[in-house]
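Below you'll find the structure, written out as structure tokens, and then a few comments.
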Amino acid sequence: MSESPEPDNSAPVRAGALSGTPYLQALNEEQRVAVEALDGPVLVLAGAGTGKTRVLITRLAHILATGRAFPGQILAVTFTNKAAREMFERVEGLVGASAQGLWLGTFHAICARILRRHAELVGLKPSFTILDTDDQIRLAKQVLEAANIDEKKWPARALVTVIQRWKDKGLAPAKVPASAASEFANGRALELYGQYQERLRTLNAADFGDLLLHSLTLFTRNPEVLADYQRRFKYILVDEYQDSNVAQYLWLRLLAQGGGNICCVGDDDQSIYGWRGAEVGNILRFEKDFAGARIVRLERNYRSTPHILAAASGLIAHNEGRLGKTLWTEGEDGDKVVVGGVWDGAEEARMVADEIEALQRQGCRLDDMAILVRAGAQTREFEERFILLGIPYRVIGGLRFYERHEIRDAVAYLRVLAQPDDDLAFERIVNVPRRGIGKASLQTIYRLARAEGIALTTAAGRLVETDEIAPRARGSLSRLLDDFDRWRAQAQTMTPSALAKGVLDESGYTGMWRNGKSADAPGRLDNLKEFVAALEDFETVGEFLEHVSLVMDHDRAAGGDLVNVMTLHSGKGLEFDTVFLPGWEEGLFPHTRALDQSGHAGLEEERRLAYVGITRARKRVRISFAANRRLFNQWVSAIPSRFIDELPPDHVEHMTSPGLYTGRGAGRQGGPDAGLSEMGMAFANLRSRARPGPAIDADARRFEAAKRRGAGIVGVGDRVFHQKFGYGRILAVDLNKLEIIFEKAGIKKVIDSFVKPA
Ligand code: ATP
Ligand code: MG
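The end of the sequence shown is residue 817 by the working numbering, with every number in the run present.
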């Protein structure tokens with residue numbers, strides 16, 4: 060089953076013989092050593108922007124150009140698909156078509172490729188499906204149900220996270236030590252993990268963690284398969300090694316035990332995925348694991364100006380748990396790192412957008428600018444500002460704010476309130492959070508809506524007065540419709556923001572994420588808070604919805620010159636001329652959650668994140684903090700991040716905004732800019748007079764029903780047939796509702812369009 064590697068009939072060419080090749084000349088001494096040390100393990104341990112990725116790419120090209128290996132004998136692992144694509148393009152640029160056939164990709168992609176070839180050996184069929192998070196949660200729910208565990212107390216998402224952590228550590232159920240038992244479901248997590256894996260196998264499916272875990276199992280249980288791959292991969296190259304987790308580390312170690320020509324590059328100061336199971340210890344242990352390893356240090360930074368590099372180095376020096384390294388760079392000092400205080404988030408967005416426009420006027424490209432935020436929810440204010448000014452932007456590694464799952468759900472709730480006929484919105488949230496309105500009930504609703512050409516909410520409204528839908532679902536549906544009515548009434552008096560908060564809380568939507576405990580739940584909750592905050596700028600729900608549709612409609616040019624917006628985590632490995640780092644306030648950055656969950660280690664990881672942020676910049680860094688931030692739905696006076704104090708003063712220029720951004724009345728403590736600021740005026744122009752649509756008119760309903768009866772479909776005393784209840788005779792007619800005595804099912808209320816004369 061396993062394929063044998065391509066024959067190795069290449070005539071080895073001594074490294075160095077081609078030293079004259081141009082790609083080698085584009086390297087400094089140390090980089091060249093790292094590229095040319097082709098035999099045996101090599102670790103390039105070096106700070107940001109020193110050319111680690113460049114070394115890896117050149118090494119790859121060098122192996123190919125010197126004919127030391129065929130593309131199919133080289134395994135190159137990167138951290139993201141984007142990085143993999145870029146690496147491929149750059150290698151191709153150096154060696155042309157001979158880059159085809161490389162095993163170049165993320166750990167997951169490569170493992171999936173290997174697993175497809177040997178699926179049977181781990182109990183899968185080659186066509187196995189790879190599950191996404193939603194599927195995983197659904198599966199975990201089934202497992203919990205089968206085990207009679209209360210999902211309210213022990214949510215499926217939390218189980219998925221526990222399982223994921225074990226998988227990150229390379230632990231199959233049989234290998235989880237008793238001491239690692241989680242408190243989940245009173246210690247039953249391990250048993251559930253086993254059942255979860257069983258279910259996956261029955262479904263012929265694997266989740267993301269399985270891709271690695273199964274590959275590990277494959278290799279450990281089948282030495283001949285492992286030996287095959289060890290022979291095949293003559294060269295192994297790994298970027299961002301500091302962020303590999305234990306499973307990935309074990310996997311690499313198994314493969315490298317063959318020839319041992321493994322080259323890893325990384326920077327302990329840029330390890331930012333500890334919260335997801337990455338172990339910076341892997342990089343520190345390299346020498347022990349790979350005997351005779353050659354450690355290459357690169358000290359010259361080619362990316363940033365001296366001020367930027369010095370600011371970043373000064374900051375990271377505050378971390379204790381690090382190897383420490385010297386970095387230097389040549390060239391003009393350039394701008395100092397600019398740190399600016401602003402009044403609030405809106406002003407921050409204004410300031411950044413203004414500077415972007417100013418740079419653009421000077422001839423700078425938008426592509427060369429990035430905004431790196433700590434939390435996903437921070438992107439909203441920038442996005443709205445950009446849309447307003449027509450500055451094209453892209454959100455990398457994530458969705459634009461209003462495209463995010465939880466935001467769409469929240470918007471759907473408001474849409475149903477404003478527009479009861481909005482079927483799409485109704486469908487989206489009728490059973491979110493789950494309220495026991497299952498497929499069968501929904502189908503009944505669809506059927507009636509279709510049959511009568513009415514909206515789903517209207518159909519639902521009729522059905523809850525009958526016995527068409529099973530009692531439990533009917534109860535939930537009826538409560539939901541009552542909620543809609545109540546919220547609609549509230550909409551007349553409450554502010555949109557207060558209304559939205561109430562709706563999200565009372566519908567159980569916020570609670571669904573709060574109980575979620577999954578890794579992404581906190582971020583989603585933050586986004587929901589940001590959503591409620593965004594509504595403060597609007598007078599009616601209708602105005603807000605109008606705004607959302609405008610924003611969603613915004614030209615989504617995929618290519619072209621666009622400002623890059625992303626989280627600091629997604630910025631890893633990238634570089635830009637200008638980098639904006641907003642929101643440097645205590646609580647936001649360092650983020651409270653990191654400190655609460657991991658204490659000092661958490662703080663150090665946050666600091667590494669700050670280091671990653673600053674070192675993305677070639678020429679300009681703009682750090683900002685707001686005096687007032689809407690955190691957890693209320694205005695708080697924010698304190699500048701401790702990281703700002705830690706920046707070496709010689710390389711920083713402080714700037715405060717009062718005077719620069721006027722138009723703000725005095726004395727509005729802790730509140731947003733309520734006056735008609737530039738932004739407010741512009742938003743005012745965007746507002747329409749749209750009001751929430753009225754609930755479906757009762758008269759129209761009566762008229763409709765009368766029309767139907769007039770058509771003489773059925774009447775009292777008629778014998779009829781109903782799909783679910785069978786034959787019966789009509790006892791009473793109330794508009795479109797019929798009371799029927801069924802021969803088998805007894806007396807039921809049903810909808811007239813669901814019966815046929817019999
Ligand atoms: P990070 O830690 O952020 O991932 P890195 O160490 O991988 O950074 P690279 O991205 O490889 O660094 O290089 C940083 C920049 O410096 C790139 O623009 C690269 O082209 C340039 N560079 C690297 N080495 C040299 C060199 N010898 N001569 C000129 N430019 C170089
Ligand atoms: Mg790199």
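Just so you know, even glycine gets a beta-carbon here, dropped at the ideal spot from N, CA and C.
As assigned by DSSP and simplified to three states, the class of residue i
i, result
"Val235", "coil"
"Trp213", "coil"
"Leu97", "coil"
"Arg750", "Because Arg750 sits at a pLDDT of 28, beneath the cut-off of 50, its placement in the model cannot be relied upon, and the point is left open."
"Trp56", "Only positions 60 to 817 of the chain appear in the structure, and residue 56 is not among them; the question remains open."
"Val491", "coil"
"Val411", "helix"
"His713", "strand"
"Lys678", "strand"
"Thr261", "helix"
"Ile528", "coil"
"Ile189", "strand"
"Val26", "The requested residue 26 does not occur in the structure, where the chain is confined to residues 60 to 817."
"Lys815", "strand"
"Asp394", "coil"
"Phe639", "strand"
"Pro707", "coil"
"Asn207", "coil"
"Gly126", "coil"
8 Å contact criterion, which residue i and residue j should meet: CB distance rounded
i, j, result
"Gly422", "Gly457", "Actually they do not touch by this definition, with Cβ atoms about 29 Å apart."
"Gln90", "Arg113", "7 Å"
"Asp620", "Leu425", "5 Å"
"Gly325", "Leu163", "Incorrect: roughly 18 Å between the Cβ atoms, too far for contact."
"Val401", "Ser696", "So it is not a contact: roughly 13 Å between Cβ atoms."
"Ala405", "Glu440", "6 Å"
"Ile703", "Val398", "6 Å"
In DSSP terms, what residue i is bridged to
i, result
"Asp793", "Lys796"
"Ala135", "Leu163 and Leu296"
"Asn623", "Ala429 and Arg453"
"Ile806", "Ile800"
"Ser683", "Gly399"
"Pro699", "Glu644"
"Ala337", "Asn304"
"Tyr786", "Phe780"
"Trp694", "Arg689"
"Cys170", "Cys170 is not bridged to any residue."
"Arg359", "Trp387"
"Leu251", "Its beta-bridge partners do not exist; DSSP assigns none."
"Val103", "Val324 and Val355"
Straight-line gap, residue i to residue j (C-alpha atoms, nearest Å)
i, j, result
"Ile810", "Val600", "33 Å"
"Leu198", "Tyr255", "7 Å"
"Leu536", "Thr438", "36 Å"
"Lys293", "Ile169", "16 Å"
"Phe445", "Leu587", "21 Å"
"Ala699", "Gly380", "First, the residue type needs correcting, since residue 699 is Pro and not Ala in the sequence shown. Taking the straight line from one Cα to the other gives about 24 Å."
"Gly642", "Lys234", "43 Å"
"Val775", "Ile799", "9 Å"
"Met714", "Glu665", "24 Å"
"Glu442", "Tyr332", "26 Å"
"Ala514", "Ala408", "41 Å"
"Phe801", "Leu203", "39 Å"
"Leu313", "Ala412", "50 Å"
"Leu745", "Ala519", "Low local confidence applies: a pLDDT of 24 at Leu745 is under 50, so the model's placement there is unreliable, with the coordinate-based value given in what follows. Their Cα atoms are separated by approximately 35 Å."
"Leu357", "Gly110", "8 Å"
"Ser352", "Leu102", "According to the sequence displayed, residue 352 carries Ala and not Ser. Computed Cα separation, rounded: 7 Å."
"Leu230", "Arg453", "38 Å"
"Arg335", "Asp227", "8 Å"
"Leu539", "Tyr472", "11 Å"
N- and C-terminal bounds of the beta strand (DSSP E) containing residue i
i, result
"His273", "Taken as a continuous stretch (DSSP letters only), His273 belongs to no beta strand (DSSP E), being part of the alpha helix (DSSP H) at Phe267 to Arg280."
"Arg353", "Arg353 to Val355"
"Gly380", "Element bounds for Gly380: n/a, residue is neither H nor E."
"Gly325", "Ile321 to Gly325"
Limits of the alpha helix (DSSP H) - the one that residue i falls within
i, result
"Arg667", "Thr651 to Ile673"
"Val150", "Asn140 to Val154"
"Ile375", "Pro365 to Ile375"
Cβ-heavy atom distance, residue i to ligand 4, below 7 Å
i, result
"Thr674", "Ligand 4 is absent from the structure shown, which contains only ligand 1 and ligand 2."
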